[in-house]
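In the working numbering, the protein residues as written are 53 to 256.
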Amino acid sequence: MYQQSKKELRQEMRIILSNLDKRWSIKAHTEVCERLIDLVSAETSTALTRHVVAWVPCFKGEVDLTGFIGEMLKSSYVYLPRVEESRFMSFVRVHDDWAQNLEAGARGIVQPRRGYGESFRPEDEGSIVVVAPGMAFDATGKRLGRGGGYYDRFLADSKLSRAIKIGVCWSLQIVPRIPIDNHDVAMDFLCHERGVVRVQQGAL
(Lines of atoms letter the chains of each structure in order from A and count residues from 1; the text may use other names and numbers.)
(Lines give C-alpha, C1' and ligand atoms only; values in the text may rest on other atoms or scores of the structure.)
Protein backbone atom coordinates (compact mmCIF):
# COMPACT_ATOMS: atom_id res chain seq x y z
CA MET A 1 0.00 0.00 0.00
CA TYR A 2 1.32 3.43 -1.01
CA GLN A 3 2.44 5.70 1.86
CA GLN A 4 2.83 9.43 1.29
CA SER A 5 6.20 10.92 2.09
CA LYS A 6 6.47 13.86 4.49
CA LYS A 7 7.21 16.16 1.55
CA GLU A 8 4.11 15.04 -0.34
CA LEU A 9 1.89 15.33 2.72
CA ARG A 10 3.16 18.83 3.49
CA GLN A 11 2.49 19.92 -0.08
CA GLU A 12 -1.05 18.52 0.04
CA MET A 13 -1.79 20.22 3.35
CA ARG A 14 -0.46 23.57 2.17
CA ILE A 15 -2.95 23.50 -0.70
CA ILE A 16 -5.82 22.52 1.62
CA LEU A 17 -4.97 25.18 4.22
CA SER A 18 -4.64 27.86 1.55
CA ASN A 19 -8.19 27.21 0.40
CA LEU A 20 -10.17 27.18 3.65
CA ASP A 21 -13.55 28.88 3.47
CA LYS A 22 -13.20 32.22 5.29
CA ARG A 23 -16.77 32.21 6.63
CA TRP A 24 -16.28 28.71 8.04
CA SER A 25 -12.89 29.49 9.57
CA ILE A 26 -14.13 32.54 11.53
CA LYS A 27 -16.41 30.32 13.60
CA ALA A 28 -13.98 27.40 13.62
CA HIS A 29 -11.17 29.48 15.17
CA THR A 30 -13.45 30.31 18.10
CA GLU A 31 -14.55 26.68 18.50
CA VAL A 32 -10.95 25.44 18.66
CA CYS A 33 -9.99 28.07 21.25
CA GLU A 34 -13.01 27.26 23.42
CA ARG A 35 -12.24 23.52 23.34
CA LEU A 36 -8.59 24.17 24.07
CA ILE A 37 -9.40 26.42 27.04
CA ASP A 38 -11.67 23.73 28.50
CA LEU A 39 -9.07 21.00 27.94
CA VAL A 40 -6.18 22.88 29.53
CA SER A 41 -8.36 23.95 32.47
CA ALA A 42 -9.53 20.38 33.09
CA GLU A 43 -6.09 18.77 32.77
CA THR A 44 -4.42 21.26 35.13
CA SER A 45 -7.27 21.87 37.58
CA THR A 46 -5.20 20.88 40.62
CA ALA A 47 -2.05 22.78 39.67
CA LEU A 48 -1.04 25.75 41.79
CA THR A 49 0.93 27.17 38.87
CA ARG A 50 0.34 26.64 35.17
CA HIS A 51 2.84 27.25 32.37
CA VAL A 52 1.28 27.32 28.89
CA VAL A 53 3.52 27.21 25.83
CA ALA A 54 1.60 28.39 22.76
CA TRP A 55 2.35 30.01 19.39
CA VAL A 56 1.46 33.00 17.23
CA PRO A 57 -0.39 32.10 14.00
CA CYS A 58 1.63 33.28 11.02
CA PHE A 59 1.04 30.80 8.18
CA LYS A 60 -1.99 30.67 5.91
CA GLY A 61 -4.74 28.44 7.28
CA GLU A 62 -3.22 28.09 10.75
CA VAL A 63 -5.53 28.10 13.77
CA ASP A 64 -5.64 31.55 15.38
CA LEU A 65 -4.96 31.14 19.11
CA THR A 66 -5.44 34.81 20.03
CA GLY A 67 -8.59 34.08 22.06
CA PHE A 68 -6.92 31.17 23.84
CA ILE A 69 -3.83 33.22 24.72
CA GLY A 70 -5.96 36.04 26.09
CA GLU A 71 -7.92 33.69 28.33
CA MET A 72 -4.84 31.83 29.57
CA LEU A 73 -3.11 35.09 30.52
CA LYS A 74 -5.78 35.60 33.20
CA SER A 75 -4.60 32.61 35.22
CA SER A 76 -1.35 31.24 33.75
CA TYR A 77 2.19 32.01 32.69
CA VAL A 78 2.03 32.08 28.89
CA TYR A 79 5.03 31.69 26.58
CA LEU A 80 5.45 32.22 22.83
CA PRO A 81 8.25 30.94 20.57
CA ARG A 82 11.27 32.77 19.26
CA VAL A 83 13.57 31.19 16.68
CA GLU A 84 17.26 31.66 17.42
CA GLU A 85 20.10 31.78 14.87
CA SER A 86 21.28 28.31 15.86
CA ARG A 87 18.00 26.76 14.53
CA PHE A 88 16.95 26.42 18.15
CA MET A 89 13.55 27.58 19.35
CA SER A 90 13.24 29.26 22.72
CA PHE A 91 10.10 30.47 24.47
CA VAL A 92 9.55 33.71 26.34
CA ARG A 93 6.84 34.76 28.76
CA VAL A 94 4.35 37.29 27.43
CA HIS A 95 1.85 39.63 29.05
CA ASP A 96 -1.34 41.44 28.05
CA ASP A 97 0.64 43.67 25.67
CA TRP A 98 2.09 40.72 23.72
CA ALA A 99 0.40 41.60 20.41
CA GLN A 100 2.17 44.99 20.40
CA ASN A 101 5.55 43.40 20.97
CA LEU A 102 5.93 41.08 17.98
CA GLU A 103 8.41 41.08 15.12
CA ALA A 104 9.13 38.99 12.03
CA GLY A 105 11.65 36.22 12.59
CA ALA A 106 13.21 33.35 10.63
CA ARG A 107 11.05 31.36 8.18
CA GLY A 108 8.34 34.02 8.38
CA ILE A 109 7.58 33.20 12.00
CA VAL A 110 6.07 36.05 14.00
CA GLN A 111 7.68 36.14 17.43
CA PRO A 112 8.16 38.27 20.55
CA ARG A 113 10.69 41.03 19.89
CA ARG A 114 14.20 40.79 21.28
CA GLY A 115 14.42 41.92 24.88
CA TYR A 116 10.74 41.29 25.61
CA GLY A 117 9.70 38.68 28.16
CA GLU A 118 11.43 36.27 30.51
CA SER A 119 12.73 32.92 29.29
CA PHE A 120 10.71 29.75 29.80
CA ARG A 121 12.26 27.46 32.41
CA PRO A 122 10.89 23.90 32.20
CA GLU A 123 12.33 23.08 35.61
CA ASP A 124 10.04 25.59 37.34
CA GLU A 125 7.30 24.23 39.59
CA GLY A 126 3.80 23.73 38.20
CA SER A 127 1.99 22.05 35.34
CA ILE A 128 3.40 22.52 31.85
CA VAL A 129 1.18 22.49 28.77
CA VAL A 130 2.76 22.60 25.31
CA VAL A 131 0.33 23.55 22.55
CA ALA A 132 1.90 22.57 19.24
CA PRO A 133 0.93 23.40 15.65
CA GLY A 134 1.36 20.96 12.81
CA MET A 135 0.75 20.40 9.12
CA ALA A 136 -0.94 17.08 9.92
CA PHE A 137 -1.53 14.62 12.77
CA ASP A 138 -2.64 11.00 12.98
CA ALA A 139 -4.75 9.10 15.51
CA THR A 140 -1.68 7.93 17.43
CA GLY A 141 -0.64 11.53 18.14
CA LYS A 142 2.18 11.66 15.61
CA ARG A 143 2.80 15.16 14.27
CA LEU A 144 4.06 16.43 10.93
CA GLY A 145 5.70 19.85 11.25
CA ARG A 146 6.86 22.25 8.55
CA GLY A 147 10.27 20.63 8.23
CA GLY A 148 12.45 22.77 10.49
CA GLY A 149 12.46 20.33 13.39
CA TYR A 150 12.06 23.13 15.94
CA TYR A 151 9.30 21.54 18.02
CA ASP A 152 10.88 18.08 17.93
CA ARG A 153 14.15 19.49 19.30
CA PHE A 154 12.28 21.51 21.92
CA LEU A 155 10.11 18.59 23.07
CA ALA A 156 13.10 16.24 23.22
CA ASP A 157 14.26 18.04 26.39
CA SER A 158 14.01 15.53 29.25
CA LYS A 159 12.70 18.32 31.49
CA LEU A 160 9.54 18.34 29.35
CA SER A 161 8.76 14.65 29.81
CA ARG A 162 5.95 15.54 32.24
CA ALA A 163 4.46 18.21 29.98
CA ILE A 164 0.96 17.79 28.56
CA LYS A 165 1.39 17.94 24.78
CA ILE A 166 -1.59 19.10 22.72
CA GLY A 167 -1.62 19.11 18.93
CA VAL A 168 -3.92 21.82 17.59
CA CYS A 169 -5.27 21.69 14.06
CA TRP A 170 -8.39 21.45 11.90
CA SER A 171 -10.19 18.11 11.72
CA LEU A 172 -9.27 17.89 8.03
CA GLN A 173 -5.60 17.77 9.03
CA ILE A 174 -6.05 14.37 10.67
CA VAL A 175 -4.66 11.71 8.33
CA PRO A 176 -4.50 7.89 8.56
CA ARG A 177 -0.77 7.74 9.19
CA ILE A 178 2.17 10.12 9.57
CA PRO A 179 5.55 8.87 8.32
CA ILE A 180 7.81 9.28 11.37
CA ASP A 181 11.46 9.50 12.29
CA ASN A 182 13.00 8.27 15.55
CA HIS A 183 13.21 11.79 16.98
CA ASP A 184 9.53 12.66 16.42
CA VAL A 185 7.56 13.33 19.63
CA ALA A 186 3.90 12.28 19.85
CA MET A 187 1.08 14.39 21.29
CA ASP A 188 -1.07 13.41 24.27
CA PHE A 189 -4.18 15.12 22.89
CA LEU A 190 -5.46 16.41 19.57
CA CYS A 191 -7.75 19.44 19.63
CA HIS A 192 -9.70 20.70 16.62
CA GLU A 193 -13.00 22.38 15.84
CA ARG A 194 -14.98 19.13 16.09
CA GLY A 195 -13.66 17.93 19.42
CA VAL A 196 -10.80 16.75 21.61
CA VAL A 197 -9.17 13.33 21.48
CA ARG A 198 -7.06 11.79 24.22
CA VAL A 199 -4.64 9.93 21.99
CA GLN A 200 -4.04 6.88 24.16
CA GLN A 201 -7.79 6.15 24.28
CA GLY A 202 -8.02 5.25 20.61
CA ALA A 203 -8.71 6.60 17.16
CA LEU A 204 -10.70 9.59 16.04
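Don't be surprised by glycine CBs; every beta carbon is placed ideally from N, CA and C.
Assumed close pair residue 191, residue 237 - CB separation to whole angstroms, cut-off 8 Å
The residue labelled residue 191 in the question sits at position 139 within the sequence shown. The residue labelled residue 237 in the question sits at position 185 within the sequence shown. Separation of the CB atoms of residue 191 and residue 237 is rounded to 16 Å, and the pair is thereby denied contact status at 8 Å.
Limits of the alpha helix (DSSP H) - the one that residue 95 falls within:
Residue 95 sits at position 43 when you count from the first residue of the sequence shown. From DSSP, the alpha helix (DSSP H) with residue 95 extends over 74-95.
Residue 225 to residue 188, Cα distance in whole Å?
Along the sequence shown, one-based indexing puts residue 225 at 173. Along the sequence shown, one-based indexing puts residue 188 at 136. Using only the alpha carbons, I get a separation of about 5 Å.
How is the beta strand (DSSP E) around residue 51 delimited, first residue to last?
This structure gives no information on residue 51, because the portion of the chain shown stretches from 53 to 256.
Express the C-alpha separation of residue 102 and residue 262 in angstroms, rounding to a whole number.
This structure does not reach residue 262, given that the chain is present from 53 up to 256, and the question cannot be answered.
DSSP state of residue 253 mapped onto helix, strand, coil:
Here residue 253 refers to the residue found at position 201 when the sequence shown is read from its first residue. Since pLDDT at residue 253 reaches only 45, below the 50 mark, its modelled position is unreliable, and the value read off the structure follows with that caveat. DSSP places residue 253 in the helix class (H, G or I) of the three-state scheme.
How would you write the range of the beta strand (DSSP E) that residue 63 sits in, first residue to last?
Counting from one through the sequence shown, the residue named residue 63 turns up at place 11. Unbroken run through residue 63 is the alpha helix (DSSP H), 58-70; no beta strand (DSSP E).
So, at 6 Å on beta carbons, what are the nonlocal neighbours of residue 87 in its own chain, with the 5 sequence-adjacent residues on each side left out?
For the purposes of this step, residue 87 is taken as the residue at position 35 of the sequence shown. 243 and 248.
Out of 235, 161, 144 and 169, point me to the one whose CA is closest to residue 114's CA.
On the sequence shown, residue 114 is found 62 positions in, with the first residue counted as 1. Ranking 235, 161, 144 and 169 by Cα distance to residue 114 puts 161 first.
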